[in-house]
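Student: Please read through the structure below; I'll follow up with questions.
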Amino acid sequence: MLRFLLTRVSLVIPTFFGVVFLAFLLIHLVPGDPVEVRVGERGIDPVRHAKLLHEMGLDRPLSTQFFDYAGQVLRGDLGLSLVTHRPVLDEFLTLFPATFELAFCAMIFATILGLPAGVLAAVRRGSIFDHVVMGASLTGYSMPIFWWGLLLILTFSVNLHWTPVSGRIALDYFFDPVTGLMTVDSLFSDQEGAFRSALSHLILPTVVLGTIPLAVIARMTRSSMLEVLGEDYIRTARAKGLPGWRVISIHALRNALIPVVTVIGLQVGTLMGGAILTETIFSWPGIGKWLVESINRRDYPALQGGVLLIATLVMTVNLLIDLLYGLLDPRIRHRR
1 MLRFLLTRVS LVIPTFFGVV FLAFLLIHLV PGDPVEVRVG ERGIDPVRHA
51 KLLHEMGLDR PLSTQFFDYA GQVLRGDLGL SLVTHRPVLD EFLTLFPATF
101 ELAFCAMIFA TILGLPAGVL AAVRRGSIFD HVVMGASLTG YSMPIFWWGL
151 LLILTFSVNL HWTPVSGRIA LDYFFDPVTG LMTVDSLFSD QEGAFRSALS
201 HLILPTVVLG TIPLAVIARM TRSSMLEVLG EDYIRTARAK GLPGWRVISI
251 HALRNALIPV VTVIGLQVGT LMGGAILTET IFSWPGIGKW LVESINRRDY
301 PALQGGVLLI ATLVMTVNLL IDLLYGLLDP RIRHRR
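The structure is reproduced here in structure tokens:
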């Protein structure tokens, strides 16, 4: 297992430095003048412009700038925001709990509905339920997030008044954040109705963000289950007279879950990408909305740091999924 772990970690390291290089290039590829963004004015004096360019280190050779930036990243220094002048890492950590709460709930929503839907569709292959699941998953996967979000807002917020339109909690409630997770903090705030308000604000963003992962998990689970159900050991288990539920849940589902676990890990990247649109639609104060605002304000260090941290997060989750994959199927650990 140790060798398997070291092999996977050794693959992550060059990928990380590749991401650092791409994040470094952002400041040189994105249009706009970082100096003008920093001072907040146009047409500044050329002497002052050159001085600020020197202070920011942007007049040095590109290779020198990259190695300096990589050294800063390894020390945990992602620079200062050009707009707020706060450390980028602090801003990211302040906003991350909101995105984590939303992404976590979306993944739970997708997994709880996607796994049983895929299993039942495979067991009842060719039935009406199977066709409904496949049709719904294809529709969910093809649906644009912004259109789906606006449709839900119009239906459940504007017309039916069942859910709030935006934000994380009603303005009637105020308390100091402890964990940064609104549902948890509101639960212990001793304010009546705060938890219900936080939960109601979470419903629509969760459904919107979890729709694509739900479709992918349902289709992958169905496909994997169909493959496993055709194996000889499943026919042997049935020939022994084992109950159908035991054959499905004990013998088939465990092996069918191996590729599904990988797909769930890969959906973390999808969730982070979808969070940018979802948080913008619902004014959710998380990393996605912060990145969009950073792009609009030409806040290059914030954009660099945000992209780098999200990529690192996705790589870490996929590394953990790889290790879990090896635990579920020992043959993978010994495969060269």
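Each residue of the sequence shown is one higher than the one before, starting from 1 at the first, in full-length UniProt numbering. Glycine residues also receive a C-beta, built at the ideal position from the N, C-alpha and C atoms. Just so we're clear, the structure is a prediction, and the values are computed from it rather than from any experiment.
Quick check on DSSP: helix, strand or coil for P87?
Tutor: Under the three-state reduction of DSSP output, P87 falls in the strand class.
Student: Is the beta carbon of W284 less than 8 Å from the beta carbon of P205?
Tutor: yes
Student: Contact check, F24 vs F66 under 8 Å by CB: the rounded distance?
Tutor: 5 Å
Student: Relative to the alpha-carbon of S249, which residue among L115, L271, P46, F100 has its alpha-carbon at the smallest distance?
Tutor: L115
Student: Quick one: which unbroken alpha helix (DSSP H) runs of 4-plus residues sit fully inside the region 51–88? Chain order, please.
Tutor: 62–74
Student: Please specify which runs of the beta strand (DSSP E), each continuous and at least 3 residues long, are wholly inside the region 281–316, giving them in chain order.
Tutor: none
Student: Distance check for P243 and A237, CA to CA, integer angstroms please.
Tutor: 9 Å
Student: Does the beta carbon of L323 sit closer than 8 Å to a beta carbon anywhere in chain D?
Tutor: Judged by its chain identifiers, the structure shown contains no chain D, having just a single protein chain.
Student: Shortest alpha-carbon distance to A121 belongs to which of S137, T270, F109?
Tutor: Minimum Cα distance to A121 is reached at S137.
Student: Run through DSSP, which three-state label would M225 get?
Tutor: M225 falls in the helix class under three-state DSSP.
Student: Would you grab the beta carbon distance between L308 and V19 for me? Rounded to a whole angstrom, and I think it's under 8 Å.
Tutor: 6 Å
Student: Answer with buried or exposed for F282, where buried requires no fewer than 16 other C-beta atoms within 10 angstroms of its C-beta.
Tutor: buried
Student: So, helix, strand or coil for S142, using DSSP?
Tutor: In the three-state DSSP reduction, S142 falls in the helix class (H, G or I).
Student: State the start and end residues of the unbroken alpha helix (DSSP H) segment that holds A170.
Tutor: Neither: A170 is in no alpha helix (DSSP H) and is coded neither H nor E.
Student: State the Cα-Cα distance for the pair F174 and H201, rounded to the nearest angstrom.
Tutor: H201 has its alpha-carbon roughly 15 Å from the corresponding atom of F174.
Student: For the structure I just gave you, are there three or more beta carbon pairs, one from the region 80–90 and one from the region 182–199, closer than 8 Å?
Tutor: no
Student: What does the alpha-carbon distance come out to for the pair H161 and L154?
Tutor: 9 Å
Student: Is W162 helix, strand or coil when you go by DSSP?
Tutor: Coil, per DSSP.
Student: Do you know how far the Cα of S63 is from the Cα of I112?
Tutor: 48 Å
Student: Let me know the secondary structure DSSP gives S10 once reduced to three states.
Tutor: helix
Student: Go ahead and pull the three-state DSSP assignment for L5.
Tutor: helix
Student: Is the CB-CB distance between R219 and G118 below 8 Å?
Tutor: Closer than 8 Å, so yes.
Student: Thinking C-alpha only, which one of R86, F17, D59, S189 is nearest A70?
Tutor: F17
Student: Is the region 216–233 in contact with the region 289–304, if contact means three or more CB pairs nearer than 8 Å?
Tutor: Judged by Cβ distances under 8 Å, the region 216–233 makes no contact with the region 289–304, as fewer than three pairs qualify.
Student: State the start and end residues of the unbroken alpha helix (DSSP H) segment that holds R238.
Tutor: Looking at the DSSP string, the run of the alpha helix (DSSP H) that includes R238 is 232–239.
Student: Considering only the beta carbon of each residue, do Q169 and S186 sit closer than 8 Å?
Tutor: Looking at the sequence provided, one finds Ile at residue 169 rather than Gln. Yes, they are a contact pair.
Student: By a C-beta neighbour count over all protein chains shown, 10 Å radius and 16 as the cutoff for buried, is G140 buried or exposed?
Tutor: buried
Student: Considering only the beta carbon of each residue, do G210 and A110 sit closer than 8 Å?
Tutor: Yes.
Student: Closest to P259 by C-alpha separation, out of L324, V178, A106, would be which residue?
Tutor: Cα-wise, what sits closest to P259 is L324.
Student: Taking C-alpha atoms, which residue in A98, P46, G57 lies nearest to V178?
Tutor: A98
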